[in-house]
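Data first, discussion second: the structure below is written as C-alpha cells.
Protein chains in written order, with the numbering used here: chain R, 1 to 275; chain G, 1001 to 1265.
Structure, rendered in C-alpha cells:
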C-alpha cells in the first residue's frame, strides 16, 4: 500500500474523511443525550410493556370499523389532495431551479453562466423556505385560518411537500446524463422540448418512485397533523390514546401498515412498467 | 463562405488547449474530411463549427452569421440549420428510435407540436424513410437501448438527415460500423449533401475512407491544422507526419514488413 507503484491518490482523502466522520459522531451522540442502557433498565421495560400490552387485541367492533374506514378514506384524501396541490407548485419550481434546462450550460461543457446560476437562487430560496417550516407548524397556522378539519391538513402538506418535491425533482433532473438534452439544444431545440425529449425518458421511473414514496410520507404526516385537529386517522389515534383504548390504536396502526404496503407495491408496479 | 474560423482557440475548463489559433474557410456545398490522431482536436473543431462550444478567443462565422454575437433566441434559430452527428449519439436508452429521429426537427417545430409528437409520432413515414436509407427501417419502433453501437450511430445520422440542415457536421460518424456499412453510410451522407446543397464536414479515423469519399482533407494535430489540401495531394509522408507518436513503444517488428494500402479515388 505504501510502495510507490500501487499508491492510490484517493487513499489519503478517504482515510481522512473516515476519521472526520468518527470525530464528528462522538459529540453528536453526547449532544443528543443518547444512552442506550436506559432501555435495558427493568422499570422502563415494564413501563413500555404495559403500554404495548394494552394494544392487544386490536379493536374490531362493527361501529369502530365503520369509523376506521371513514377516517382512512379521509387520510388518503388529505394526502392525495395535498400532493396534487404540491405538484402544481413543485413541477414549475423544479424546472426553474434545475440546471438541466440551462441553455448556457449546453455550450459551456455543463457549467451554466454566473448569471444563470444567480437567477436560480431565488427559486431555490423559495423551495428552502417552503420545506424548512415543519408541516405541523403550517397545520397549526391553517387551523386558525380555515378552522378544524382536513382542509388545514391539505394546505399544510401542499406547502411543505412542494418544497421537498421541487428540490428533489430538480436534483433528479441534474443527476442523469445531460448530453441528450444538450445535443438537442445545440441543434436549435427549445429548452422545454429538449427537457421532454432528452431528460424525461431517463428520469421518469425515478420521479414516479419518489413521488409515490412522498405520497406515503404524506399519509404519515397527515396523522401527525390529525393530532392538532386536521382530521383523518391522526385525529382518531389522538382520541383513542386519550381514552386509553389501546386496541383501537393497534387497529389503526395495522391500517397504516396496509396503506404503506400498498404504496410500496404501487411504486414497484410503476417502476416495473417503466423499466 | 459557409463556415469560417478566424484565429479561433479553445481551451477547456481543465486548462487543456484543445485548439490553438485555427484559421479555416469552408465554402458552401464543400465536402471536407478532418483526419488526425486521437486527441488532436477534431471533435473540438467540429463543436466550434456547430456552435456547440464557444471559442475562448477568435471568431466563428456560420452561414454568414456570428453565432456568439446573436441573442440566445436567434442563435437557436441558427443552430436549427446546423446538424451535428455525435460519435456515440446521446440518446435516452428508453426512447424509441422513431422519437429519436423525429427529434431532429425540434428546432423547427413549436413546443406544442413537439409535445404532441411525444404522445403520438407525427411523421412516421418521414422517420421510416430516413432510417431506410441507412438500412435500419425495421428498427423504427425499437428502443434505443436495444440497438448496437453501430446501429445507434445510424440512428444519429438518420436524425440529422431528417433535420435536413444547411450545414452537416459529423464527428466520427462511422467509427462503430463494419467497413462495408461504413462506406455505404458515408456514401449516403455525401449523396444527401450533394442532392440538397449541404456543406458536409466529417472527422474520420479511417484515412482510406476519408480519401475515397472526400475531395478536401484537413489534417489536425496538437490543436492546429497541419495541412489542408485536395485528397489527391495527400502523400504517404504527410500522413506519417500527421500520425507520428513518439511516446508509443514500437511493437516488435514482424518479419514481413506491413504495407499500408491507402486506396485513392
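Note that beta-carbon positions come from the ideal geometry of N, C-alpha and C, so glycine has one too.
- Classified as exposed, residue 1093 (chain G) has fewer than 16 neighbouring CB atoms from the shown chains inside 10 Å of its CB.
- Ranked by Cα distance from residue 99 (chain R), the first of R:116, R:197, R:84 is R:116.
- The residues 1085, 1134, 1170, 1173, 1185, 1188, 1189, in chain order, have a CB closer than 8 Å to that of residue 1157 (chain G) in the same chain once the five nearest residues on each side in sequence are set aside.
- For residue 240 (chain R), the uninterrupted alpha helix (DSSP H) run begins and ends at 232-242, by DSSP.
- The Cβ-Cβ distance between residue 1203 (chain G) and residue 1046 (chain G) falls below 8 Å.
- Of all residues in the segment 200-212 of chain R, those with a C-beta nearer than 7 Å to a C-beta of chain G are 201, 202, reading in chain order.
- Cβ-Cβ separation between residue 1111 (chain G) and residue 1100 (chain G): approximately 19 Å, too far for a contact (criterion under 8 Å).
- Residues of the same chain with a CB within less than 7 Å of the CB of residue 234 (chain R), apart from the 5 flanking positions on each side, are 222, 223, 224, 225, 226, 227 in chain order.
- Secondary structure note for residue 4 (chain R): it is in no alpha helix (DSSP H), with a DSSP letter that is neither H nor E.
- For residue 111 (chain R), a Cβ of chain G is located within less than 8 Å of the residue's own Cβ.
- Here residue 167 (chain R) is not near residue 207 (chain R), since their CB atoms are 8 Å or more apart.
- Considering only beta carbons, the part of the segment 1069-1080 of chain G lying closer than 9 Å to chain R consists of 1072, 1075, 1076, 1077, 1078, 1079, 1080, in chain order.
- Fewer than three beta-carbon pairs drawn from the segment 1044-1063 of chain G and the segment 1232-1246 of chain G are found closer than 8 Å, and the two stretches are therefore not classed as touching.
- Taking 8 Å as the CB threshold, residue 107 (chain R) lines the interface with chain G.
- Residue 152 (chain R) has its alpha-carbon roughly 9 Å from the corresponding atom of residue 231 (chain R).
- Residue 9 (chain R) is classed as exposed because its beta carbon has fewer than 16 other beta carbons within 10 Å across all chains shown.
- The DSSP-derived three-state label of residue 1224 (chain G) is strand.
- In the structure shown, residue 1058 (chain G) falls within a strand segment according to DSSP collapsed to helix, strand and coil.
- Chain-ordered, the chain R residues with CB closer than 7 Å to the CB of residue 1086 (chain G) read 183.
- The alpha-carbon separation between residue 201 (chain R) and residue 1182 (chain G) amounts to approximately 30 Å.
- When the alpha-carbon of residue 1006 (chain G) is set against those of G:1021, G:1105, G:1207, the nearest one is in G:1021.
- No Cβ of chain G is located within less than 8 Å of the beta carbon of residue 57 (chain R).
- Between the segment 173-181 of chain R and the segment 1061-1071 of chain G there are fewer than three inter-stretch CB-CB distances shorter than 8 Å, so the stretches are not counted as touching.
- The beta carbons of residue 48 (chain R) and residue 214 (chain R) sit no closer together than 8 Å.
- For residue 1107 (chain G), the chain R residues whose Cβ falls inside 7 Å of its Cβ are 187, 188, 189, in order along the chain.
- Around residue 238 (chain R), no beta-carbon contact reaches into chain G at under 8 Å, the shortest distance being about 46 Å.
- Going by beta carbons, residue 150 (chain R) and residue 78 (chain R) fall inside the 8 Å limit.
- If the five residues before and after residue 1179 (chain G) are omitted, its C-beta is found closer than 7 Å to no C-beta atom of its own chain.
- Using a Cβ-Cβ cut-off of 7 Å, residue 1083 (chain G) is close to 187 of chain R, given in chain order.
- In this structure, the beta-carbon distance from residue 1019 (chain G) to residue 1223 (chain G) falls below 8 Å.
- The continuous alpha helix (DSSP H) containing residue 205 (chain R) extends over residues 200-226.
- If you look at residue 74 (chain R), you'll find it in the alpha helix (DSSP H) that goes 62-97.
- Counting of Cβ neighbours within 10 angstroms places residue 135 (chain R) among the buried residues, the total reaching 16 or more.
- For residue 192 (chain R), at least one C-beta of chain G is nearer than 8 Å to its own C-beta.
- In the DSSP assignment, residue 1009 (chain G) forms a beta bridge with G:1057.
- Spanning the alpha carbons of residue 36 (chain R) and residue 29 (chain R) requires a straight line of approximately 11 Å.
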